[in-house]
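J.:
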DNA sequence: CTGAAAGCGCTTACAG
DNA sequence: CTGAAAGCGCTTACAG
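Chains as they are written, first to last, in the working numbering: chain A, 6 to 350; chain B, 6 to 350.
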């Protein structure tokens, strides 16, 4: 549903020309007084400013950008704003963007279908750049992203390398390995991995590092379960799948905290398991809920601030560069020990 | 820090004129084939389209909007994206905006100071409209909002009536009253209200309705505490303030769920209180955590979808109208009973 | 249905 | 330092 816009507004927008008339100067003069660093004499600047406040004039940024061939608009495309980690990421991103004199245009697409429809539209808008946090983006869409001229960087998960997209993420692979070491050191033996949705374009290095280290250590093979989505409820369902039989794992590494929390709650409340004695649960992200009283979740914390700062610095360089090349930036994660893994003996 | 933009990009943007040349038609023709409902013969449309895909042409929406005198850009200004309710609101808002063919420009300002700096900037950007969810916005800023020509609607909380701003919110006053009735019916006697930050421009009708009904019923006067911010930690601190002495309340109504959850956790874990037997806790919003296992929080649910749909429908009408008048829309809240208030006897 | 022209509001070489 | 002019990429009366 698109509304019609009625152009008969009574008050016409006051324009630079109006100010020029009022101040008795040329349009160029008023433009100059509003572009930092341009050369205007204090006298004319003063007259312009005076006229401008009198008329309530403000330069029209959109029009400005059409002349300058860039709009200082960068998009943020997100598929799961319901996940607190992404909400925090968007917050940091828009702050960092503001500091770089960009504005953040937010696009939300919850399903692969919406993603498929929306991406071409976004590209059409010809933003200066696009930041993507949508691990469930279909491959075809990633291809159109790779083919476009507008700089794109993925955040939160590395894009599969063959895609040729820039990304900034946490070193998931290394963190996955470290989680195994922690678990083994604390005496757990039957490890399991709970992955999120398939994530056509996002790598799966969290689980891979985990599995790799398990193999190196010649531990019994891990059980893999995969949640259909990253939600509290899905975490609970995974617990049902994993904990229902006798040979259940004694430690599970979850792809993210919301899954972990859902898992934890049914492990305790439906199966009466004692965490961390009967079962260890470790998450990923360190969302606020992880440190709340009932959870005290041991998890790997992503360096959110650094990652988001990096992401906008990367995209801002790509925007400024004449021939941007895809880059990937990996920042180290850090295990935060709380109460869902046994303490050292 | 502002990055320089290097304009020497090798590939020039392909423009409508390029397509016109390639197709052997006028620029008007290509413009027409890209504006729905314009009159072009199938033949020329076809040639244009063919040339367009060959060259990879896409109309430049920003330039388009300068001619059309509106950009289809509406801002969302938010001060607490860390609160899940606001995150969900932004999600719905951006979806609804997309459906109305608007784009959402996101602004984040965590402090009154940032708000004060950012609002004039936003207005300068001359967006078509602005949606504000920032109860902690200083009064002066609200005044500049009221004085501007760009349509503005506040969401989530009603703006104080004297401000002359449009808003859509839940009927907080009524819900506050209903919470008292519920609590009294279930046998609680010493009621308390835990408010959030002062909120210079947001009304305080949640607490007022609550207090009003308490007076009507001639119950003992309520205790009022006010958290410095809406956070889990602040909720915990409020519990310390309220539960430390003998004459503690036996029911507390919290301004929102994140406060309520923080309160609940320290009430149980630090004070060993049995909720709901020793103490009732009711929240506001119905964020996802409210229905999680450890909480099962009784809370008043705001009709999020309806509110956000209403908000964008309101602003889109104001954008379309030649003389928009401030309107306020109140939707009913609904108490969701879970486990933090005793069941009926 | 179609094109030539003028315009959106602003900026930026170009002369002076 | 300043103005007249041309331009950003697109659209929309105006004629035909």
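Cβ coordinates follow ideal geometry from the N, Cα and C atoms, glycine included.
The model shown is predicted, which means the values in this text are computed figures rather than measured ones.
Output the boundary residues of the alpha helix (DSSP H) element that contains residue 38 (chain B).
T.: 32-39
J.: Is residue 322 (chain A) helix, strand or coil when you go by DSSP?
T.: helix
J.: Three or more C-beta pairs under 8 Å: does that hold for the stretch 152-159 of chain A against the stretch 197-204 of chain A?
T.: no
J.: Is it buried or exposed, residue 113 (chain B), if we count other Cβ atoms within 10 angstroms and call 16 or more buried?
T.: Buried, since its Cβ has 16 or more Cβ neighbours within 10 Å.
J.: Could you list which residues in chain B have their beta carbon closer than 8 Å to that of residue 344 (chain A), in chain order?
T.: Those within 8 Å of residue 344 (chain A) in chain B number zero; the least Cβ separation is about 12 Å.
J.: Quick one: measure Cβ to Cβ for residue 234 (chain B) and residue 213 (chain B), integer angstroms, because I've assumed they're closer than 8 Å.
T.: Their Cβ separation, rounded to whole angstroms, is 21 Å, which puts residue 234 (chain B) and residue 213 (chain B) out of contact at 8 Å.
J.: Examine chain A for any beta-carbon lying closer than 9 Å to the beta-carbon of residue 274 (chain B), and answer yes or no.
T.: yes
J.: Measuring CB atoms only, is the stretch 142-149 of chain B touching the stretch 298-310 of chain B, in the sense that at least three cross pairs come out at less than 8 Å?
T.: Not touching, per the Cβ criterion.
J.: Evaluate contact between the stretch 285-299 of chain B and the stretch 257-270 of chain A, counting only Cβ atoms and requiring at least three cross-stretch pairs below 8 Å.
T.: yes
J.: Check the C-beta distance from residue 291 (chain A) over to residue 341 (chain A) and give it rounded, since I have them as a contact under 8 Å.
T.: 6 Å
J.: Could you tell me the distance, in whole angstroms, from the CA atom of residue 78 (chain A) to the CA atom of residue 272 (chain A)?
T.: 46 Å
J.: Going by C-alpha to C-alpha distance, which of A:107, A:263, A:62 and A:124 sits closest to residue 242 (chain A)?
T.: Of the listed residues, the one whose Cα sits closest to residue 242 (chain A) is A:263.
J.: Might you give, ordered along the chain, the residues of its own chain that have their beta carbon closer than 7 Å to the beta carbon of residue 150 (chain B), omitting 5 neighbours on each side?
T.: 124, 157 and 170
J.: Beta-carbon of residue 65 (chain B) versus every beta-carbon of chain A: anything under 9 Å?
T.: yes
J.: Return the CA-CA distance between residue 329 (chain A) and residue 337 (chain B), expressed in angstroms with no decimal places.
T.: Rounded to the nearest angstrom, the two C-alpha atoms are 52 Å apart.
J.: Taking just the CA atoms, how far does residue 191 (chain B) sit from residue 350 (chain B)?
T.: 7 Å
J.: Within the 9 Å Cβ cut-off, does residue 268 (chain A) reach chain B?
T.: For residue 268 (chain A), not one C-beta of chain B is nearer than 9 Å to its own C-beta.
J.: When you compare the CB of residue 117 (chain B) with every CB in chain A, is at least one pair closer than 9 Å?
T.: At least 9 Å separates the CB of residue 117 (chain B) from every CB of chain A.
J.: So what's residue 169 (chain B) in DSSP terms, helix, strand or just coil?
T.: coil
J.: Indicate the three-state DSSP secondary structure (helix, strand or coil) for residue 306 (chain A) in the structure shown.
T.: strand
J.: Please decide whether residue 300 (chain B) counts as near chain A, where near means a Cβ-Cβ distance under 9 Å.
T.: By this cut-off, residue 300 (chain B) is an interface position.
J.: Could you tell me the distance, in whole angstroms, from the CA atom of residue 47 (chain A) to the CA atom of residue 111 (chain B)?
T.: 36 Å
J.: Hey, would you say residue 84 (chain B) sits closer than 9 Å to residue 177 (chain B), going by beta carbons?
T.: Contact: no.
J.: Leaving out the 5 sequence neighbours to the left and right, which residues in its chain are closer than 7 Å to residue 22 (chain B) when beta-carbon positions are compared?
T.: 32
J.: Just verifying my parser: in three-state terms, what is the DSSP assignment at residue 300 (chain B)?
T.: coil
J.: Pick from A:174, A:261, A:288 and A:96: whose alpha carbon is nearest that of residue 335 (chain A)?
T.: Nearest C-alpha to residue 335 (chain A): A:174.
J.: Using the Cα positions of residue 325 (chain B) and residue 317 (chain B), report the straight-line distance between them to the nearest angstrom.
T.: 12 Å
J.: Just to confirm, is the Cβ distance from residue 60 (chain A) to residue 30 (chain A) under 9 Å?
T.: Against a cut-off of 9 Å, the Cβ pair of residue 30 (chain A) and residue 60 (chain A) comes out as no contact.
J.: Near residue 193 (chain A), which residues of its chain fall below 6 Å by C-beta distance, leaving aside the five closest residues on each side in sequence?
T.: 255, 256 and 285
J.: Tell me the start and end of each unbroken alpha helix (DSSP H) in the stretch 177-257 of chain A that is at least 4 residues and wholly inside, in chain order.
T.: 177-190, 210-221 and 237-248
J.: Within the 9 Å Cβ cut-off, does residue 289 (chain B) reach chain A?
T.: no
J.: Beta carbon of residue 19 (chain A): closer than 8 Å to some heavy atom of the ligand GDP?
T.: This structure lacks the ligand GDP; in fact it carries no ligand of any kind.
J.: Is residue 352 (chain A) close to chain B, meaning its C-beta is less than 9 Å from at least one C-beta of that chain?
T.: In the structure displayed, chain A extends from 6 to 350; residue 352 (chain A) sits before or after that span and is not available.
J.: Grab me the residues of residue 94 (chain A)'s own chain with a C-beta within less than 7 Å of its C-beta, minus the 5 sequence neighbours each way, in chain order.
T.: 138, 160, 161, 309 and 313
J.: How many angstroms separate the CA atom of residue 57 (chain B) from the CA atom of residue 20 (chain B)?
T.: 9 Å
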